Ligand SMILES: CC(C)(COP(=O)(O)OP(=O)(O)OC[C@H]1O[C@@H](n2cnc3c(N)ncnc32)[C@H](O)[C@@H]1OP(=O)(O)O)[C@@H](O)C(=O)NCCC(=O)NCCS
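In the working numbering, the protein residues as written are 97 to 266.
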């Protein structure tokens, strides 16, 4: 396994991790059966792609911010914070979503990345955050519970957890 010379940090998307981001996301898309089409334009104009990912954007009918988990030239994963909830996000999606690229999984990165994400969510002014997770996703359940997630009732198919951001945790 590659030794990281600096601990990963959650940062706004950065062109400093071009190769690592593109290869990591390609591996993630292939492993998950997701569309890889977007990687063509992103690799042709990476600076433009990065610029398009920065700042507060709008999707799911809410404002959201994107962060990359980065150590030096290494890109490990992405975390997205949705600043608000809609009736639909209350059931499925919640405030925070994340993934770690396949090569970096099972090394505790998602657990630490979510902890850093909760700090960012607090900085954005959220007092609590909802996370939802497929019942078969054992890894994500562990990540959420390790960060203090409190289970709430299941409204659709997803498990639902609240994070209290008013405490010192996260
Ligand atoms: C879920 C995901 C983010 C976990 O990332 P990760 O960096 O491997 O997670 P961690 O290393 O912090 O592992 C957290 C715990 O899950 C366990 N775990 C990791 N992968 C696992 C797997 N495939 N099956 C079962 N347990 C797993 C780890 O052993 C660890 O357990 P521990 O706390 O008892 O030691 C990653 O698998 C992923 O990106 N999956 C696809 C996207 C996704 O599911 N996102 C979350 C949507 S809610």
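In this text, a Cβ means the ideal position worked out from N, Cα and C, and glycines have one as well. This one's a predicted model, so the numbers in the text were calculated from it and none came from an experiment.
Confirm the yes/no value for this check: CB of residue i, any heavy atom of ligand 1, distance under 7 Å.
| i | result |
| --- | --- |
| residue 207 | yes |
| residue 234 | yes |
| residue 170 | no |
| residue 122 | no |
| residue 125 | no |
| residue 201 | yes |
| residue 144 | no |
| residue 165 | no |
| residue 149 | no |
With a CB to CB cut of under 8 Å and the five nearest residues on each side skipped, what residues in its chain are close to residue i?
| i | result |
| --- | --- |
| residue 174 | 162, 163, 164, 165, 194 and 195 |
Within the same chain, show all residues whose beta-carbon is closer than 7 Å to that of residue i, passing over the 5 residues directly before and after it, in chain order.
| i | result |
| --- | --- |
| residue 250 | 256 |
| residue 124 | 195, 197 and 198 |
| residue 108 | 150 and 163 |
| residue 239 | 206, 207 and 210 |
Only counting the same chain, and skipping five residues up and downstream in sequence, which positions put a Cβ closer than 6 Å to that of residue i?
| i | result |
| --- | --- |
| residue 159 | 152 and 179 |
| residue 252 | 187 and 188 |
Which residue wins for smallest C-alpha separation from residue i, given the options the options?
| i | options | result |
| --- | --- | --- |
| residue 111 | 171, 176, 260 and 245 | 171 |
| residue 215 | 155, 263 and 130 | 263 |
Alpha helix (DSSP H) runs contained entirely in the region 206 to 258, provided each spans 4 or more residues: 234 to 242
Contact between the region 135 to 150 and the region 200 to 219 (3+ Cβ pairs under 8 Å)
no
| message | Report the start-end ranges of each beta strand (DSSP E) in the region 98 to 161 that is 3 residues or longer and not cut off at the edges. | response | 105 to 107 and 153 to 155
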